[in-house]
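Peer 1: Following this note's numbering, the numbering of the sequence shown begins with 523 at its first residue and continues without gaps.
Note that beta-carbon positions come from the ideal geometry of N, C-alpha and C, so glycine has one too.
Please find one structure pasted underneath; my questions will follow.
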Amino acid sequence: TISAADVYFVAGGDSTAAGATGYGTNGTWVRLASLKAYPNATLTYDEAINITNGGSGWHEIRLRHSSISPNGTADVANFTSITFKLIAPNGTQCGGDFSYTVTGNNWNAPSDMAYQGIPAGEEWAVKVETLAVSGALADISVEIDIILDVR
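Here it is as structure tokens:
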């Protein structure tokens, strides 16, 4: 039987600025289409999207890469990295970084994040940090789709 997910993406304080869409469909994936990056400086979205455990029990979650666009074009070389971090309500980072890096004109997709336990009723932030090269051109955008795995 298909049922609603106990753990799902919800809007965070920076979701509009990050261009977060798609999470309202079933909560198990999100597209971030408006992430900005500044040349040679880290730009932080403290709550690009949040994750809520609306179930009655503890679950394990991880972020998984789905897609990133564009890829294989000169536009990609303007970026250095885009890093995702899971942040618990007490401000502690849970697990390691989930980072997209660049080699030439290509994105290097991250490995799947290790599973982390989220207690019932908690909402965690997904913090995103972007960085562009020092000579980055303006108006270059990237679109990332992330999947939320739950077990």
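In angstroms, rounded to a whole number, what distance separates the CA positions of Val550 and Ala631?
Peer 2: Residue 550 is actually Thr in this sequence, not Val. If you take the alpha carbons of Thr550 and Ala631, they lie about 19 Å apart.
Peer 1: Inspect the beta-carbon positions of Ile640 and Val529 and report whether they are closer than 8 Å.
Peer 2: Yes, Cβ-Cβ distance for Ile640 and Val529 is below 8 Å.
Peer 1: Report buried or exposed for Asp634, applying the criterion of at least 16 other Cβ atoms within 10 angstroms of its Cβ.
Peer 2: Exposed.
Peer 1: Suppose the cutoff is 6 Å on Cβ atoms and the five residues either side in sequence are ignored; what does the same chain contact list for Thr652 look like?
Peer 2: Counting only Cβ-Cβ distances below 6 Å, and skipping sequence neighbours, we find Leu557, Ala559, Leu565 and Ile604.
Peer 1: Identify the continuous beta strand (DSSP E) that holds Ser525 and give its terminal residues.
Peer 2: Ser525 -> no beta strand (DSSP E), and no H or E assigned at all.
Peer 1: So, is Gly579 buried or exposed, given that buried needs 16 or more other C-beta atoms within 10 angstroms?
Peer 2: Flag for Gly579 reads exposed.
Peer 1: Determine contact between the region 582-592 and the region 658-673, defined as no fewer than three beta-carbon pairs at a distance below 8 Å.
Peer 2: Yes, the region 582-592 is in contact with the region 658-673.
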